[in-house]
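Student: Protein sequence lines correspond, in order, to chains S and B. Residues in the first sequence are numbered consecutively from 1, following my numbering. Residues in the second sequence are numbered consecutively from 1, following my numbering. The beta carbon of each residue, even a glycine, is placed where N, CA and C say it ideally should be.
2 protein chains.
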Amino acid sequence: MLPRDSAQPPPGVGPVPGADTRQRLLDAAERLFAERSYEATSLRQVTAAAGANLAAVNYHFGSKQGLFRAVFLRRIEPINTERMGRLAALEAGEAAGQPVVLEELLRALMEPALDLARQEDGRWFARLVGRAFSEPGEHWTAVDAEFHEVRSAFVRAFARSLPHLPPTTLGWRLFFALGVQCVLLAGASQHQRITGGLAGDLAPEVVLDELVAFAAAGLRAPAGEPGT
Amino acid sequence: MLPRDSAQPPPGVGPVPGADTRQRLLDAAERLFAERSYEATSLRQVTAAAGANLAAVNYHFGSKQGLFRAVFLRRIEPINTERMGRLAALEAGEAAGQPVVLEELLRALMEPALDLARQEDGRWFARLVGRAFSEPGEHWTAVDAEFHEVRSAFVRAFARSLPHLPPTTLGWRLFFALGVQCVLLAGASQHQRITGGLAGDLAPEVVLDELVAFAAAGLRAPAGEPGT
DNA sequence: GGCGCAATCGAACGTTCGTTTGAATGCCCG
DNA sequence: CGGGCATTCAAACGAACGTTCGATTGCGCC
Numbered sequence: 001m002l003p004r005d006s007a008q009p010p011p012g013v014g015p016v017p018g019a020d021t022r023q024r025l026l027d028a029a030e031r032l033f034a035e036r037s038y039e040a041t042s043l044r045q046v047t048a049a050a051g052a053n054l055a056a057v058n059y060h061f062g063s064k065q066g067l068f069r070a071v072f073l074r075r076i077e078p079i080n081t082e083r084m085g086r087l088a089a090l091e092a093g094e095a096a097g098q099p100v101v102l103e104e105l106l107r108a109l110m111e112p113a114l115d116l117a118r119q120e121d122g123r124w125f126a127r128l129v130g131r132a133f134s135e136p137g138e139h140w141t142a143v144d145a146e147f148h149e150v151r152s153a154f155v156r157a158f159a160r161s162l163p164h165l166p167p168t169t170l171g172w173r174l175f176f177a178l179g180v181q182c183v184l185l186a187g188a189s190q191h192q193r194i195t196g197g198l199a200g201d202l203a204p205e206v207v208l209d210e211l212v213a214f215a216a217a218g219l220r221a222p223a224g225e226p227g228t
Numbered sequence: 001m002l003p004r005d006s007a008q009p010p011p012g013v014g015p016v017p018g019a020d021t022r023q024r025l026l027d028a029a030e031r032l033f034a035e036r037s038y039e040a041t042s043l044r045q046v047t048a049a050a051g052a053n054l055a056a057v058n059y060h061f062g063s064k065q066g067l068f069r070a071v072f073l074r075r076i077e078p079i080n081t082e083r084m085g086r087l088a089a090l091e092a093g094e095a096a097g098q099p100v101v102l103e104e105l106l107r108a109l110m111e112p113a114l115d116l117a118r119q120e121d122g123r124w125f126a127r128l129v130g131r132a133f134s135e136p137g138e139h140w141t142a143v144d145a146e147f148h149e150v151r152s153a154f155v156r157a158f159a160r161s162l163p164h165l166p167p168t169t170l171g172w173r174l175f176f177a178l179g180v181q182c183v184l185l186a187g188a189s190q191h192q193r194i195t196g197g198l199a200g201d202l203a204p205e206v207v208l209d210e211l212v213a214f215a216a217a218g219l220r221a222p223a224g225e226p227g228t
């Protein structure tokens, strides 16, 4: 009677019972968590949007936090896999003699996530991820172990690509670079408001170029403080 | 019986009645809104932390949103005033012939806010502001009119300082620059977690230098997309 | 001394929250 | 055909929410 946090049934096992309530719950929760926030979203809103019974959430995911965790893991795993794959490709080239270009490293890290933002079914999740940086709450800390492997691998790669930077400086600049990415993921729909309408529409792949150019320039900035 | 949203009584008018409940409510709410979030903070937590009665919030501020608005306006007005003052000083020099250095423009915009983050009593507010970029909810939209004047003035100044950038590009890069600032405000306490402990401690004024250097380099990045 | 008023208070309002329960439902397999 | 099982369902749980109410307090001023 209580599968609690069981893995989903094998994908092609046959016609799932009821058009997969589990999936509809994940989709609805993803949208609502992104649109409002975790705290501001009630399970009644989620189940209503999913056309499911209120108790379905606790049946399939154990709790509201379990639902959040499932929403998150469903999308972040493929992204992190692709990130690691791209990084491995770059490092293979590096071992073969050609050094890693900073922009390529940034793309390997950022493009998998930004790709999501331009797909119809990933837009909500992108907004959700963008808030991981600034939103407090234990629903996030319960999930950021998923980033550990990717993070440390990329930090090492960046350190190799920018050997002249002292570790502390590099750390802060990476923090900034990741921050810009998150801000873009969270607020692409808000940039008009924030810049007062100055920034017009831009094709998504161009925004990625802008992001990579901005972050790369920031990471490569001269070491000491320049102005003033 | 109902002052609702009245302005606070004149500052030096005499010994305020009860050790200023109003002020204690603002302080407690500021900390809790920053520490948790607006949605996750209850008025009962606020009034308990302030040592006030539950009804005091609705008496002094009309509603929870009114409390949030008051928390915000109390701090943002001096900050925006200083920003405008610094900008005016730069523009005066500009009119006198010496062009505005991009780094100085960034400092005029960012230093007043970052100063807050290194003062004991402004730290919580800094964290709160940092979430304005990514946190949804009407408590924010009810307050962002306060940024209109500062925003448009600075956007014009940046456009003058970077005349070679097409407006769309400038808009996105300003969005990125403001985003980095917010990320720093929101997450200075989280950078260790996010970069995996690579970034060590850094004196706050050095972090400001790093932020300005990063943003300036990003804003000045070559126009088209550089690498691939 | 007593009126008026701003402020605080305890208590309750009606809602909504996340979670739990136990009974129905529909399907597969023996 | 019928027992077992995963799933769905309506209903209720106690707790906590934002807000409102009327009474009470304490001070300044005629």
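Alpha carbon to alpha carbon, what distance is there between A153(S) and E94(S)?
Tutor: 14 Å
Student: Would the beta-carbon of F214(S) fall within 8 Å of that of A221(B)?
Tutor: yes
Student: With distance defined between alpha-carbon atoms, name the residue in V212(B), E205(B), L211(B), R75(B) nearest to V129(B).
Tutor: R75(B)
Student: Kindly list, in the order they appear in chain B, the residues whose Cβ is closer than 8 Å to that of A186(S).
Tutor: Within chain B, F133, S134 have C-beta atoms less than 8 Å from the C-beta of A186(S), given in sequence order.
Student: How long is the line joining the alpha carbons of A49(B) and R127(B), rounded to whole angstroms?
Tutor: 19 Å
Student: Exposed or buried, which one is D209(S) when buried takes at least 16 other CB atoms within 10 Å?
Tutor: buried
Student: Leaving out five residues before and five after G179(S) in sequence, what residues of the same chain have Cβ atoms less than 8 Å from its Cβ?
Tutor: F133
Student: Need the endpoints of the alpha helix (DSSP H) that D27(S) sits in, please.
Tutor: 21-35
Student: Using the Cα positions of P112(B) and F175(B), report the straight-line distance between them to the nearest angstrom.
Tutor: The alpha-carbon atoms of P112(B) and F175(B) are separated by roughly 18 Å.
Student: DSSP three-state label for N80(B), please.
Tutor: helix
Student: Could you check the C-alpha separation between L233(B) and P136(S) for me, to the nearest Å?
Tutor: Look at the range of chain B in this structure, 1 to 228, and you will see that residue 233(B) is not part of it.
Student: Does the count of Cβ pairs from the segment 32-51 of chain B and the segment 30-41 of chain S closer than 8 Å reach three?
Tutor: yes
Student: Could you compute how far the alpha carbon of C182(S) sits from the alpha carbon of R131(S)?
Tutor: 7 Å
Student: Which ranges does the alpha helix (DSSP H) cover as unbroken runs of at least 4 residues, wholly within the segment 87-136 of chain B, from first to last along the chain?
Tutor: 102-118, 123-130
Student: Looking at chain B, is there any beta carbon in it that lies within less than 8 Å of the beta carbon of L128(S)?
Tutor: no
Student: Is there a Cβ of chain B sitting closer than 8 Å to that of E210(S), yes or no?
Tutor: The C-beta of E210(S) comes closer than 8 Å to at least one C-beta of chain B.
Student: Give the DSSP-derived three-state secondary structure of H60(S) in the structure shown.
Tutor: helix
Student: Buried or exposed, going by whether 16 or more other CB atoms sit within 10 Å of the CB of G97(B)?
Tutor: exposed
Student: Indicate the three-state DSSP secondary structure (helix, strand or coil) for V143(S) in the structure shown.
Tutor: In the structure shown, V143(S) sits in coil (DSSP, three-state: anything other than H, G, I, E or B).
Student: Find the nearest neighbour of W172(S) within the set G187(B), L162(B), G85(B), Q65(B), judged by alpha-carbon distance.
Tutor: The residue among G187(B), L162(B), G85(B), Q65(B) with its C-alpha nearest the C-alpha of W172(S) is G187(B).
Student: Which of the three DSSP states, helix, strand or coil, is assigned to P10(B)?
Tutor: Unreliable positioning characterises P10(B) in this predicted model, as indicated by a pLDDT of 39, which lies under 50. The coordinate reading is nonetheless provided below. Residue state, collapsed to three classes: coil.
Student: Against V207(S), what residues of chain B qualify as contacts under a CB-to-CB distance less than 9 Å, listed in chain order?
Tutor: W172
Student: Compute the distance between the beta-carbons of E146(S) and L87(S), then report whether it is under 8 Å.
Tutor: no
Student: How would you label T141(B), buried or exposed, when you count the other beta carbons within 10 angstroms and need 16 or more for buried?
Tutor: exposed
Student: Could you give the distance in angstroms between the alpha-carbon of V207(B) and the alpha-carbon of R22(S)?
Tutor: Cα to Cα, V207(B) sits roughly 45 Å from R22(S).
Student: Would a check of beta-carbon distances place R36(S) closer than 8 Å to chain B?
Tutor: yes
Student: So with CB distances below 7 Å, who are the chain B contacts of V180(S)?
Tutor: F176, G179, V180
Student: Can you name the residues of chain S whose CB is closer than 7 Å to the CB of E39(B)?
Tutor: S37, E39, A40
Student: Please check if any C-beta of chain S sits within less than 8 Å of the C-beta of V71(B).
Tutor: no
Student: Taking the alpha carbon of L184(B) as the reference point, which residue from L219(B), L102(B), H164(B), F125(B) has its own alpha carbon closest?
Tutor: When only C-alpha atoms are compared, the closest one is F125(B).
Student: Looking at chain S, is there any beta carbon in it that lies within less than 8 Å of the beta carbon of R83(B)?
Tutor: Not one chain S Cβ lies under 8 Å of R83(B).
Student: Comparing C-alpha positions only, which one of E30(B), P204(B), G218(B) sits nearest to Q119(B)?
Tutor: The option with the nearest alpha carbon to Q119(B) is P204(B).
Student: Three-state secondary structure (DSSP) at E149(B)?
Tutor: helix
Student: Residues of chain B with CB closer than 8 Å to the CB of R220(S), please, in chain order.
Tutor: A217
Student: For the alpha helix (DSSP H) that T47(S) lies in, which residues bound it at each end?
Tutor: 43-50
Student: Is P226(S) close to chain B, meaning its C-beta is less than 8 Å from at least one C-beta of that chain?
Tutor: With a pLDDT of only 46 at P226(S), under the threshold of 50, the placement of this residue in the model should not be trusted, and no figure is reported.
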